[in-house]
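Asks: Sending over a structure as structure tokens; questions will come in a sec.
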Amino acid sequence: MSAPLLAVRGVKTFYGKIIALKGVDVDVNPGEIVTMIGANGAGKSTLMMTIFGAPQAREGTIAYDGRDITKLPSHEIARLGIAQSPEGRRIFPRMTVYENLQMGAAVRDFAHFEEDLETICQLFPRVRERLQQRGGTLSGGEQQMVAIARALMARPKLLLLDEPSLGLAPLIVKQIFEAIRELNRTQGLTVFLVEQNAFHALKLAHRGYVMVNGVITMSGTGKNLLADPQVRAAYLEGGRH
Amino acid sequence: MEVFLQQLINGLTLGSIYGLIAIGYTMVFGIIGMVNFAHGDVFMLSAFIALIFFMLVTAVVGTGAGMIMVALVIVLFLAMFFTALWNWTIERVAYRPLRGSFRLAPLISAIGMSIFLTNFVQVVQGPRNKSTEPMLNDKITLIDSATYAVTINYKQIVIILTTVILLAVFWYIVQKTPLGRAQRACEQDRKMAGLLGIDVDRTISITFIMGAALAAVAGVMYLVYYGSVNSADGFVPGVKAFTAAVLGGIGSLPGAVIGGLLIGLIEIFWSGYVSNDYKDVAAFSILAVVLVFMPSGILGRPEVEKV
Numbered sequence: 015m016s017a018p019l020l021a022v023r024g025v026k027t028f029y030g031k032i033i034a035l036k037g038v039d040v041d042v043n044p045g046e047i048v049t050m051i052g053a054n055g056a057g058k059s060t061l062m063m064t065i066f067g068a069p070q071a072r073e074g075t076i077a078y079d080g081r082d083i084t085k086l087p088s089h090e091i092a093r094l095g096i097a098q099s100p101e102g103r104r105i106f107p108r109m110t111v112y113e114n115l116q117m118g119a120a121v122r123d124f125a126h127f128e129e130d131l132e133t134i135c136q137l138f139p140r141v142r143e144r145l146q147q148r149g150g151t152l153s154g155g156e157q158q159m160v161a162i163a164r165a166l167m168a169r170p171k172l173l174l175l176d177e178p179s180l181g182l183a184p185l186i187v188k189q190i191f192e193a194i195r196e197l198n199r200t201q202g203l204t205v206f207l208v209e210q211n212a213f214h215a216l217k218l219a220h221r222g223y224v225m226v227n228g229v230i231t232m233s234g235t236g237k238n239l240l241a242d243p244q245v246r247a248a249y250l251e252g253g254r255h
Numbered sequence: 003m004e005v006f007l008q009q010l011i012n013g014l015t016l017g018s019i020y021g022l023i024a025i026g027y028t029m030v031f032g033i034i035g036m037v038n039f040a041h042g043d044v045f046m047l048s049a050f051i052a053l054i055f056f057m058l059v060t061a062v063v064g065t066g067a068g069m070i071m072v073a074l075v076i077v078l079f080l081a082m083f084f085t086a087l088w089n090w091t092i093e094r095v096a097y098r099p100l101r102g103s104f105r106l107a108p109l110i111s112a113i114g115m116s117i118f119l120t121n122f123v124q125v126v127q128g129p130r131n132k133s134t135e136p137m138l139n140d141k142i143t144l145i146d147s148a149t150y151a152v153t154i155n156y157k158q159i160v161i162i163l164t165t166v167i168l169l170a171v172f173w174y175i176v177q178k179t180p181l182g183r184a185q186r187a188c189e190q191d192r193k194m195a196g197l198l199g200i201d202v203d204r205t206i207s208i209t210f211i212m213g214a215a216l217a218a219v220a221g222v223m224y225l226v227y228y229g230s231v232n233s234a235d236g237f238v239p240g241v242k243a244f245t246a247a248v249l250g251g252i253g254s255l256p257g258a259v260i261g262g263l264l265i266g267l268i269e270i271f272w273s274g275y276v277s278n279d280y281k282d283v284a285a286f287s288i289l290a291v292v293l294v295f296m297p298s299g300i301l302g303r304p305e306v307e308k309v
């Protein structure tokens, strides 16, 4: 097996004195879709932001493509080819969708901008309709698509998705997950996604982790986790979306 | 009618200077949410920088009719450069280390920087007015009725034209270039801008540089217009420009200019038609009234956003 693209080792993250991640290990191999499921407040989004150095891990290391990125500032991490669609989407509200996408391409200094825009508009036709609209006026689902589109504009090697299904209609969730699978299959895009929507996420992913209160409690292939009685009881039964 | 026109010309000239300073306040506030109380003093400093270079340059090229314009252009660029350097340093020394600290910390630091600049200039330049030779005083008579002549002099034309051109350039930079987009992104969500590969600290530095460059233009214009400058001259124009930024809607670039022009016009019209003594009272009263009915200023945006 090749070296992992992203290797998180013993990472501890604090907010002030409060510990949010209590020593987390995660591997994401090139070409994989890996998911992390867990309840609200488990620390999933904190892990996503820690990978980006905001906040920085107090202990442990994060390596990307064999390089230690634990202490790098966010913008340098972005320039290494990692892109994120973050928690809360964080679309720039007073910029048009087009400008938001331009911001996504900033790391590559706008090379292939028009070409990538076309690809993304084919993936999310809704985004094309909204190009000249301001980010703050979009619906939640549209914002989610723009957030993912913006991350893709960077042509990342590793895509981090924080709850892409949050607040979306089931049909749109399906579309977005299909789009992710498509990107993974055709372009070999490596994806690390965090989800509360365990059923869809585990079906999509090659491998998965379960996080409870800042600790990884289980890991395995998507299929095995989906079949695991404990996972089913905690995250799936009674809550299938 | 003639008096009105004359006051309008005078008001626009003064308003242009306020507007140029106000942009510095508004840009910095927009990007880091801090009122840079030292900005008025940066403006004053730039007028001194301009004064020194003006003497140096005219010593070389002379003060012939055409040479004054050449000298002015050279001085303008030199003043922009050195004032920008000052403001860049101020940001590095006095504000950046406090970023992420409690909200009032950089504000207090800015007040300290303002006091420092005033006193520094007073010590190295002396407390008296420093003056230049009068320049660009030739007038064009627009209307010459029997009782009153409406005139515009060359320096007013230069001030208004320079302001318009620079505003167009800066507006273009902010709205249409990747740099301006990065600035607006940092203004709206600094953390996200970082995730997208924008060097936030660098973008903030550039904002300080741009604000200082415009303040330097205002400083040069001020020197040309009034012919003298004093180490205490940062305060009142600074406060008025800050008022202009608030009046126009702080954070808004066109708002700062409109606010600046309004403050300039109110001041001049009040002195012209009512009394010279209460011109500042008039300007600030109108600010108070406007803010009662439009709390976010004329072009400020009310905070309604879909989340």
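Residue numbers (this note's numbering), protein chains in the order written: chain A, 15 to 255; chain B, 3 to 309. Think of the CB as a built atom: it goes at the ideal place given N, C-alpha and C, for glycine as much as any other residue.
Enumerate, from N- to C-terminal direction, the unbroken alpha helix (DSSP H) stretches of 4 or more residues contained entirely within the segment 104 to 144 of chain A.
Replies: Runs of the alpha helix (DSSP H) inside the segment 104 to 144 of chain A: 111 to 118, 127 to 137, 139 to 143.
Asks: Is B:Met46 helix, strand or coil by DSSP?
Replies: Of the three classes helix, strand and coil, the one that applies to B:Met46 here is helix, per DSSP.
Asks: Among B:Ala184, B:Phe55, B:Leu10, which residue has its Cα nearest to the Cα of B:Phe83?
Replies: Ranking B:Ala184, B:Phe55, B:Leu10 by Cα distance to B:Phe83 puts B:Phe55 first.
Asks: Name the residue from B:Ala217, B:Gln190, B:Tyr228 whose alpha carbon lies nearest to the alpha carbon of B:Gly262.
Replies: For B:Gly262, the nearest C-alpha among the options comes from B:Ala217.
Asks: Which residues in chain A sit within 8 angstroms of B:Asp140, going by Cβ to Cβ distance?
Replies: Chain A residues near B:Asp140: none, gap ~46 angstroms exceeds 8 angstroms.
Asks: Report the three-state DSSP secondary structure of B:Thr205 (helix, strand or coil).
Replies: Residue state, collapsed to three classes: helix.
Asks: With C-beta atoms as the reference, is B:Met194 less than 7 angstroms away from A:Arg72?
Replies: No. Outside cutoff.
Asks: Taking 8 angstroms as the cut-off, does the segment 20 to 30 of chain A touch the segment 194 to 202 of chain A (at least 3 CB pairs, one atom from each stretch)?
Replies: Counting Cβ pairs under 8 angstroms, fewer than three are found: no touch.
Asks: For A:Arg108, go through chain B and note every residue whose CB falls closer than 9 angstroms to its CB, in chain order.
Replies: The contacting residues are Arg186, Glu189, Gln190, Arg303, Glu307.
Asks: What residues of chain A sit near B:Leu197, judged by a beta carbon separation below 7 angstroms?
Replies: Near B:Leu197 (Cβ distances below 7 angstroms), the residues of chain A are Phe66, Ser88, Ala92, Gln98, Pro100.
Asks: Examine the Cβ distances between the segment 209 to 229 of chain A and the segment 48 to 57 of chain A and report whether three or more of them are shorter than 8 angstroms.
Replies: Yes, the segment 209 to 229 of chain A touches the segment 48 to 57 of chain A.
Asks: Tell me, please, whether the CB atom of A:Val38 is closer than 7 angstroms to any CB atom in chain B?
Replies: No, because no Cβ of chain B sits closer than 7 angstroms to the Cβ of A:Val38.
Asks: Measuring only between beta-carbons, confirm whether B:Tyr200 sits less than 7 angstroms from chain A.
Replies: According to the sequence provided, residue 200 of chain B is Ile. The question's Tyr does not apply to it. B:Ile200 counts as touching chain A.
Asks: Is B:Ser111 helix, strand or coil when you go by DSSP?
Replies: Note: B:Ser111 maps to helix in three-state DSSP.
Asks: How many Å lie between B:Ala96 and A:Thr231 at the Cα?
Replies: For B:Ala96 and A:Thr231, the distance between alpha carbons rounds to 47 angstroms.
Asks: For my contact list, A:Arg169 and A:Asp130 are in at a C-beta cut-off of 8 angstroms; report their separation, rounded to the angstrom.
Replies: 7 angstroms between Cβ atoms; contact.
Asks: Where B:Val30 and B:Phe244 are concerned, what is the direct C-alpha to C-alpha distance, given to the nearest angstrom?
Replies: Roughly 12 angstroms separates the two Cα atoms.
Asks: Of all the CB atoms in chain B, is at least one closer than 7 angstroms to the CB of A:Met117?
Replies: Answer yes: the Cβ-Cβ gap between A:Met117 and chain B drops below 7 angstroms somewhere.
Asks: Among B:Gln190, B:Pro297, B:Met46, B:Val75, which residue has its Cα nearest to the Cα of B:Val59?
Replies: Nearest of B:Gln190, B:Pro297, B:Met46, B:Val75 to B:Val59, Cα basis: B:Val75.
Asks: Just to confirm my understanding: we take B:Pro256, look at its own chain, exclude 5 residues before and 5 after, and list those with CB closer than 7 angstroms. What are they?
Replies: Result list for B:Pro256: Leu301, in chain order.
Asks: Between A:Met225 and A:Lys36, which are expected to be in contact by the criterion C-beta below 8 angstroms, what is the C-beta distance as a whole number of angstroms?
Replies: Not really, about 10 angstroms apart at Cβ, beyond 8 angstroms.
Asks: Starting from the C-beta of B:Gly68, find all residues in its chain whose C-beta is less than 8 angstroms away, skip the five residues before and the five after it, and write them out in chain order.
Replies: Cβ neighbours of B:Gly68 beyond the five flanking positions: none.
Asks: In this structure, does DSSP put B:Glu93 in helix, strand or coil?
Replies: If DSSP states are grouped into helix, strand and coil, B:Glu93 belongs with the helices.
Asks: Using the Cα positions of B:Glu307 and A:Leu61, report the straight-line distance between them to the nearest angstrom.
Replies: Per-residue confidence for B:Glu307 stands at a pLDDT of 44, beneath the threshold of 50, marking its modelled position as unreliable; the derived number appears in the next sentence. Computed Cα separation, rounded: 28 angstroms.
Asks: A:Ala68 and A:Ser99 - do their beta-carbons sit closer together than 7 angstroms?
Replies: Not in contact: A:Ser99 and A:Ala68 (Cβ atoms no closer than 7 angstroms).
Asks: Is the segment 233 to 243 of chain A in contact with the segment 168 to 179 of chain B, if contact means three or more CB pairs nearer than 8 angstroms?
Replies: Because the criterion of three Cβ pairs below 8 angstroms is not met, the segment 233 to 243 of chain A and the segment 168 to 179 of chain B do not touch.
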